[in-house]
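Numbering (the numbering used here), first residue to last: 674 to 1048.
Backbone N, C-alpha and C fix where the C-beta goes; we use that ideal spot for every residue, glycine too.
To start, the structure under review is shown below, and the notes come after it.
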Amino acid sequence: MDSKIWLSSPHMGGREQHYINQAFDSNWIAPLGPNVDGFESDLEQSLSNKVQIAALSSGTAAIHLGLKVLGVSKGDEVICQSKTFSASVNPILYLGASPVFVDSELDTWNLCPMLLKKAIQDRIAKGKKPKAIIAVHLYGMPYKVTEIHEIADQYNIPVLEDSAEALGSSYKSQPCGTFGKVAALSFNGNKIITTSGGGALCCPTNEIKNKIIHWSTQSRDKGVSYLHSEIGYNYRMSNILAGIGRGQMEVLKERVNARRRVFDFYKSELNNIKAITFLEEPEGYFSNRWLTTILLDSYDTREELRLALNEDNIESRPLWKPMHQQPVFKNYPSYINGNSDALFERGLCLPSGSNLTNIDLNRVTKNIKSYFSVC
Ligand SMILES: *Cc1c(COP(=O)(O)O)cnc(C)c1O
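Okay, structure coming up:
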């Protein structure tokens, strides 16, 4: 059998070990050190120095502390895009708050502005104004930034921007990760760049960044006596992993270009198959194309195609199953228009790694063409 083609696998740039060796040579084997500082400053630069970065152990940790700094606590409601990965939602529950799910529009597959407004008005009418909104740039495609933030501002509700899949994406030339009151990044193994596991919170001020670092290092008060006046977390990024991150930041632009080339390749090879459609970038939207996604004409086609690819050792994956359909979340309120369910039924993510060769990509498209009996 041919070798496995993964959906999205780690792609080292070459200089990661140099930074790791520096950490070993200076014995900075700790959740702080020069690589952590360097990685934070690299990220700040790539986000046009519009935010202050706190490097953390995961994107989930970033969302957790991000919601906490927005004041979310026990009994609050937080609006969250239903079409996302569960890590967007879980931290709401860690804080004792509860999620309210809102469905997607079809231009970007992200939070629907109309439905968001309706949900806010309805929650307020029911006596509970949402404490925060979690908006996601799914698969690297920016959400409708202008519309969403206009509504959030109108009701004075802060937005946590889940940019875990969107490092390198931008909206009207402004980088994703700089739109929310705070924003979360992820460097998990399958993301556009990786530290094997890691994340960061993009903060509006140095004061908030320092607050996040304080919480993420057990909330130890200044001084020698291990005084704690707040609950702490062990969420800071390790200096070893930050070394991987510094190496990865040197190649971020190349990784975005490579992923966009993967999208272009699939589109040019498969565009004449009637049953397949691609998600285009609306004007002003720039996606890092973390994953190339296609829509098929039915659930059966999607599932048959997925199994046919699997037969040739090629990994593909349905789009995220909406959160309002998850057994663990199904009893929370949701505002639904059917879009995220339809996308889940008909959508498929194709192998999209920046390290895929032309031979790999041709093997994927050959399989898809042969499933649809076109050559
Ligand atoms: C990966 C991901 C996260 C969580 O990041 P981790 O670093 O894996 O904790 C959160 N939200 C979305 C949309 C993600 O894709």
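Practice task
In the DSSP assignment, find the alpha helix (DSSP H) that holds GLN827 and state where it starts and stops.
Solution key: Element bounds for GLN827: 818-827.
Problem - Through-space distance from THR851 to HIS718, alpha-carbon basis - result: In the sequence as presented, His is not what sits at residue 718; that position holds Gln. Roughly 12 Å separates the two Cα atoms.
Handout entry: Paired residues, beta bridge with LEU740 - DSSP
Key = DSSP, once it has assigned bridges, lists no residue as partnering LEU740.
Practice task
Confirm, please, whether the CB-CB distance from ILE752 to VAL775 is below 7 Å.
Solution key: Yes, the Cβ-Cβ distance between VAL775 and ILE752 is below 7 Å.
Problem - Three-way DSSP call (helix, strand, coil) for PRO707 in this model - result: In the structure shown, PRO707 sits in a helix (DSSP, three-state: H, G or I).
Handout entry: Short Cβ contact (7 Å threshold) for LEU914 with THR868
Key = In contact: LEU914 and THR868 (Cβ atoms closer than 7 Å).
Practice task
Could you please give the first and the last residue of the uninterrupted beta strand (DSSP E) stretch that includes THR966?
Solution key: 965-968 is the span of the beta strand (DSSP E), which, as asked, contains THR966.
Handout entry: Stretch-stretch touch, CB-based, cutoff 8 Å, three pairs: the stretch 794-810 with the stretch 765-783
Key = The answer is yes - the stretch 765-783 touches the stretch 794-810, with three or more Cβ pairs under 8 Å.
Exercise for the section: Label VAL1001 either buried or exposed according to how many other C-beta atoms from any shown protein chain fall within 10 Å of its C-beta, with 16 as the threshold for buried. Expected result: By the beta-carbon neighbour count (other beta carbons within 10 angstroms, threshold 16), VAL1001 is exposed.
Exercise for the section: Using a Cβ cut-off of 7 Å (strictly closer), state whether LEU982 contacts chain B. Expected result: Within the model displayed, chain B is absent; a lone protein chain is all it includes.
Problem - Selected residue, minimal CA-CA separation from ASN863, among LYS747, ASN883, SER1027 - result: Of LYS747, ASN883, SER1027, the residue nearest in Cα terms is SER1027.
Handout entry: Own chain partners of GLU750 with C-beta closer than 7 Å, once the 5 adjacent residues on each side are dropped
Key = Spatial neighbours of GLU750 in its own chain (CB-CB distance under 7 Å, excluding positions within 5 residues in sequence) are listed in chain order as ALA770, SER771, VAL773, ARG796, LYS801, PRO803, LYS804.
Exercise for the section: Only counting runs of 3 or more residues, tell me where the beta strand (DSSP E) segments fall wholly within the stretch 1008-1035, in order along the chain. Expected result: Runs of the beta strand (DSSP E) lying entirely within the stretch 1008-1035, each at least 3 residues long, are 1020-1023 in chain order.
Problem - Of the listed residues GLY739, SER682, PRO815, nearest to GLU953 (C-alpha basis) - result: Here the closest residue by C-alpha is PRO815.
Practice task
Determine the burial state of MET674: buried for a count of at least 16 other Cβ atoms within 10 Å of its Cβ, exposed for fewer.
Solution key: Per the 10 Å Cβ criterion, exposed.
Handout entry: First through last residue of the beta strand (DSSP E) which encompasses GLN725
Key = For GLN725, the enclosing beta strand (DSSP E) covers residues 725-729.
Practice task
May I ask which residues mark the beginning and end of the alpha helix (DSSP H) holding LEU784?
Solution key: For LEU784, there is no enclosing alpha helix (DSSP H), as DSSP marks it with neither H nor E.
Exercise for the section: Check whether the Cβ of ALA728 sits closer than 6 Å to any heavy atom of ligand 1, and report yes or no. Expected result: Taking 6 Å as the cut-off, one finds no heavy atom of ligand 1 near enough to the beta carbon of ALA728.
Exercise for the section: Keeping to the same chain, check which residues put their C-beta closer than 6 Å to that of ARG975; ignore five residues upstream and five downstream. Expected result: Hits under 6 Å: LEU969, ARG1019, LEU1021.
Practice task
Please look up how many angstroms separate the CB atoms of SER859 and SER1043, rounded, as I've assumed it's under 8 Å.
Solution key: So it is not a contact: roughly 35 Å between Cβ atoms.
Handout entry: Proximity winner among ARG1036, PRO848, GLY739, relative to LYS884 (alpha-carbon distances)
Key = Here the closest residue by C-alpha is GLY739.
Problem - Residues bridged to SER859 [DSSP beta-bridge criterion] - result: BP columns for SER859 point to GLY872.
Handout entry: Close beta carbons around ARG962, own chain, < 8 Å, minus the five adjacent residues each side
Key = Excluding residues within five positions, the ones whose Cβ falls inside 8 Å are TYR812, GLY813, VAL929, ARG932, ARG933, VAL935, PHE936, SER1025.
Problem - CA-to-CA distance, HIS810 to GLU838, given in whole angstroms - result: Rounded to whole angstroms, GLU838 to HIS810 spans 7 Å at the Cα level.
Practice task
Flag PHE758 as yes when its Cβ comes closer than 6 Å to any non-hydrogen atom of ligand 1, and as no otherwise.
Solution key: Yes; taking the cut-off as 6 Å, the Cβ of PHE758 has a heavy atom of ligand 1 nearer than that.
Exercise for the section: State yes or no: is the C-beta of VAL832 nearer than 6 Å to some heavy atom of ligand 1? Expected result: Because no heavy atom of ligand 1 lies under 6 Å away, the Cβ of VAL832 does not count as near it: no.
Handout entry: Exposure label - ASN708; buried when at least 16 CB within 10 Å
Key = ASN708 sits buried, since 16 or more C-beta atoms from the chains shown fall within 10 Å of its C-beta.
Problem - Straight-line gap, MET685 to GLN921 (C-alpha atoms, nearest Å) - result: If you draw a straight line from the Cα of MET685 to the Cα of GLN921, it is about 7 Å long.
Problem - Rounded straight-line distance, which links the Cα of SER755 to that of ARG909 - result: Going from the Cα of ARG909 to the Cα of SER755 covers about 28 Å.
Handout entry: Contiguous beta strand (DSSP E) assignments of at least 3 residues, all confined to the stretch 934-1011
Key = 965-968, all fully within the stretch 934-1011.
Problem - For SER843 and VAL832, the rounded distance between their alpha carbons - result: Rounded to whole angstroms, the gap between the alpha carbons of VAL832 and SER843 is 17 Å.
Problem - Span separating the alpha-carbon of ILE793 from that of GLU820 - result: Approximately 14 Å between the Cα atoms of the pair.
Practice task
Take every Cβ of the stretch 986-993, pair it with every Cβ of the stretch 1005-1018, and state whether three or more of those distances are shorter than 8 Å.
Solution key: Flag = yes, the stretch 986-993 and the stretch 1005-1018 touch.
Exercise for the section: Report buried or exposed for HIS822, applying the criterion of at least 16 other Cβ atoms within 10 angstroms of its Cβ. Expected result: With at least 16 other beta carbons inside 10 angstroms of its own, HIS822 counts as buried.
Practice task
Can you tell me the Cβ-Cβ gap for ASN1010 and CYS785, rounded? I've got them flagged as a contact below 8 Å.
Solution key: Contact check for ASN1010 and CYS785: beta-carbon distance about 7 Å, within the 8 Å limit, so the pair qualifies.
Handout entry: Candidates HIS997, GLU927, VAL924: closest to PHE758 by CA position
Key = When only C-alpha atoms are compared, the closest one is HIS997.
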